[in-house]
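As structure tokens, the structure follows; a few thoughts come after it.
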Amino acid sequence: MAKLGKTNLDSGWIAARSTEIHLDGIQLTTTHPPSLSSNSSNWIEAVVPGTVLGTLLKNKQIPDPFYGLENDAIIDIADSGRDYYTFWFFTTFKCAKSANQHVDLNFRAINYSAEVYLNGHKKILPKGMFRRHSLDITDILHPDGNNLLAVLVHPPDHPGIIPPEGGQGGDHEIGKDVAAQYVEGWDWMTPIRDRNTGIWDEVSISVTGPVKLTNPHLVSSFFDNYTRVYLHSTVELENRSARIAECSLNIQVSTELEGNMFLI
Amino acid sequence: EHHQTSNLSIPPGAHIDYTLPQLFFYKPNLWWPNGTGKQSLYNVEITVEDKGFGESDSWSQHFGFRKIESSIDNATGGRLFKVNGQPIFIRGGNWILSDGLLRLSKERYETDIKFHTDMNFNMIRCWGGGLAERPEFYHYCDIYGLLVWQEFWITGDCDGRGVPVSNPDGPLDHGLFLICARDTVKLLRNHPSLALWVGGNEQTPPDDINKALKNDLKLHPLFKFPTDTSNSL
């Protein structure tokens, strides 16, 4: 039985430039899983969460753009083309769920769009830098508990071209996408060469029972000069089983005294 | 009175919104911004148990009881903020993001946010050309008492002003913008430090987006606060 709750996938990731890998996501997550060991490997240790430049910097494949004029030594996506900063990210994880358990793969933010492959199954993550993605992977987990995950991350659709004179937002093309706009450079900032492409926020696996709880909303209302206060709570509940779920929903509000002492 | 259980049946495959009966608190400790009072936080934990399975899922987060209002002050033309009915003199700063390669961590956020507290700030404005900041950013703003002004991803330069004028109708996909905005609101809305959502920097979003954001973000009638808080519920 897998432990209920969330487990972050923030170690053991490797990455490779898409133009240097001649396998597809189904092969990478079934017959040809990549590794750092094979000497012909184009794969490098990856930083997740992070961006493509963060991973290249960790592997010393680019100078640190924050020192001197080093940023000029890094090829801009406008000159290299989007494929140069389109990267594979790969990892493995264990998850041996029991009957009636459900498992989700969650990405809290990806820039800008991605294809996810898990054990030979493909799922598309739609565009947008500021949105969460949650994939129900219950039925595609590996029976032996060892799972192979590959994510192909694409840069923003409109990375733009930085005019010679620079300027705020470069040629403003990035404004066509729903993404951070500073990456084309501003009066206080040089351009970010990969436009912050990558799995830039946490990746996690969450295990639940048949009923999933999401997006709670807490609101407080005040009366009698803040002496009479109400806490209103709304949650989204999803019954992922094939039977009626008879549930009890508990809410507990506590103040932490010190250490592990709680006052309820 | 701070622990409550509700029972409900959920049909197979159903996805529902459920509002629990409200919880009453007498004189709870209120959350105040830096320099005005204590940042009292409560730990709210919600669990769902399935009779046939046991505990099925749970969620918890720090929560602060506070009422934040803001309006344009006719005398000054500036925006006047009140927290728990008290006008607040805003000492704020602009925030783009913590690191240009998005090397974001709890440690980094705590250091950045505490630095602003030590500078005696009580507000951080997240600029529209940067990020919708992350839950860890807000967590430390909750703890250190920094109100957050969070802009959506519109700037004058890239959306309809600038030289030459660019993207007069904003991003190409307005539906995508609203999907991202709604999901971001759901991600961040329970943090007591979140004080104000703002359409963009030096620019209002295209009309349809602006109308949708105003509609989605207006306060639910149930919580329309009476002008003073003496009214009984």
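Just so you know, the sequences run in chain order F and W.
Residue numbers for the first sequence follow this note's numbering, so the first one is 1 and each next one is one higher.
Residue numbers for the second sequence follow this note's numbering, so the first one is 1001 and each next one is one higher.
Ideal placement from N, C-alpha and C gives every residue a C-beta, glycine not left out.
Within this structure, are the beta carbons of Ala-1195(W) and Leu-1147(W) separated by less than 8 Å? Within the second sequence, residue 1195(W) is the residue found at index 195, counting from 1. Within the second sequence, residue 1147(W) is the residue found at index 147, counting from 1. Yes, they are a contact pair.
When DSSP builds the beta bridges, which residues end up paired with Arg-228(F)? Here the question's residue 228(F) lines up with position 228 in the first sequence. BP columns for Arg-228(F) point to Phe-223(F) and Tyr-1026(W).
Does the CB of Tyr-1042(W) have a neighbour CB from chain F at under 8 Å? The residue given as residue 1042(W) occupies position 42 in the second sequence. Output row for Tyr-1042(W): interface = yes.
Any Cβ of chain W within less than 8 Å of the Cβ of Arg-131(F)? Reading the first sequence from its first residue, position 131 is the one you call residue 131(F). Yes, because at least one Cβ of chain W sits closer than 8 Å to the Cβ of Arg-131(F).
Going along the stretch 235–249 of chain F in order, which residues come within less than 8 Å of chain W, judged by CB to CB distance? Val-235, Glu-236, Leu-237, Glu-238, Asn-239, Arg-240, Ser-241, Ala-242, Arg-243, Ile-244, Ala-245, Glu-246, Cys-247, Ser-248 and Leu-249
So what does DSSP say about Ile-1088(W), is it helix, strand or coil? On the second sequence, position 88 is the one that residue 1088(W) refers to. Three-state result, Ile-1088(W): strand.
By the criterion of Cβ-Cβ separation under 8 Å, what are the contact partners of Tyr-1140(W) in chain F? Within the second sequence, numbered from 1, the residue matching residue 1140(W) stands at position 140. Per Cβ cutoff of 8 Å: no residues; Tyr-1140(W) is ~16 Å from chain F at best.
Is the separation between the beta-carbon of Thr-1117(W) and that of Tyr-1138(W) shorter than 8 Å? Here residue 1117(W) corresponds to residue number 117 of the second sequence, with the count starting at 1. Here residue 1138(W) corresponds to residue number 138 of the second sequence, with the count starting at 1. Taking 8 Å as the Cβ cut-off, Thr-1117(W) and Tyr-1138(W) do not qualify as a contacting pair.
Could you confirm whether any beta carbon from chain F is found closer than 8 Å to the beta carbon of Ser-1193(W)? Sequence index remark: in the second sequence, residue 1193(W) carries index 193 (1-based). No, because no Cβ of chain F sits closer than 8 Å to the Cβ of Ser-1193(W).
Roughly how many angstroms lie between the CA atoms of Glu-1151(W) and Leu-1097(W), to the nearest whole one? Start at 1 with the first residue of the second sequence, and residue 1151(W) comes out as number 151. Start at 1 with the first residue of the second sequence, and residue 1097(W) comes out as number 97. Cα to Cα, the separation comes out at about 13 Å.
For a test of the three-state rule: what should DSSP assign to Glu-184(F), helix, strand or coil? Reading the first sequence from its first residue, position 184 is the one you call residue 184(F). Here Glu-184(F) sits in helix by DSSP.
Taking only the alpha-carbon atoms, compute the straight-line gap between Ile-192(F) and Leu-1101(W) and give it to the nearest angstrom. Start at 1 with the first residue of the first sequence, and residue 192(F) comes out as number 192. Start at 1 with the first residue of the second sequence, and residue 1101(W) comes out as number 101. If you take the alpha carbons of Ile-192(F) and Leu-1101(W), they lie about 8 Å apart.
According to DSSP, residues forming a beta bridge with Cys-247(F): Taking the first sequence and counting its residues from 1, one reaches residue 247(F) at position 247. Cys-247(F) pairs with Leu-1008(W) and Asp-1050(W).
Tell me Ala-16(F)'s beta-bridge partners as DSSP assigns them. As a position in the first sequence, residue 16(F) is number 16, starting the count at 1. In the DSSP output, where bridge partners are listed per residue, Ala-16(F) has Trp-88(F).
Ser-1232(W), DSSP secondary structure in three states: The residue given as residue 1232(W) occupies position 232 in the second sequence. The pLDDT assigned to Ser-1232(W) is 39, lower than 50, so where the model puts this residue is not dependable; a value taken from the coordinates is nonetheless given after this. The answer is coil: DSSP assigns Ser-1232(W) none of H, G, I, E or B.
Considering only the alpha carbon of each residue, which of Asp-76(F), Val-219(F) and Gly-145(F) lies closest to Val-52(F)? For the purposes of this step, residue 52(F) is taken as the residue at position 52 of the first sequence. Of Asp-76(F), Val-219(F) and Gly-145(F), the residue nearest in Cα terms is Asp-76(F).
In whole angstroms, give me the CA-to-CA distance for Ser-1166(W) and Ile-162(F). By 1-based counting over the second sequence, the position of residue 1166(W) is 166. By 1-based counting over the first sequence, the position of residue 162(F) is 162. Using only the alpha carbons, I get a separation of about 14 Å.
Grab me the residues of Leu-1217(W)'s own chain with a C-beta within less than 6 Å of its C-beta, minus the 5 sequence neighbours each way, in chain order. Within the second sequence, the letter at position 217 stands for residue 1217(W). Only Trp-1197 meet the Cβ criterion.
Using a C-beta to C-beta distance shorter than 9 Å, which residues of chain W count as neighbours of Asn-59(F)? Within the first sequence, numbered from 1, the residue matching residue 59(F) stands at position 59. In chain order: nothing, as chain W lies at least about 13 Å away.
Note down, in chain order, each residue of its chain lying with its Cβ closer than 7 Å to the Cβ of Trp-1153(W), except the 5 sequence neighbours on either side. The count along the second sequence starts at 1 and reaches residue 1153(W) at position 153. Contacts found: Gly-1128.
Proximal chain W residues relative to Lys-127(F), where beta-carbon distance stays under 7 Å: Residue 127(F) sits at position 127 when you count from the first residue of the first sequence. The contacting residues are Leu-1176.
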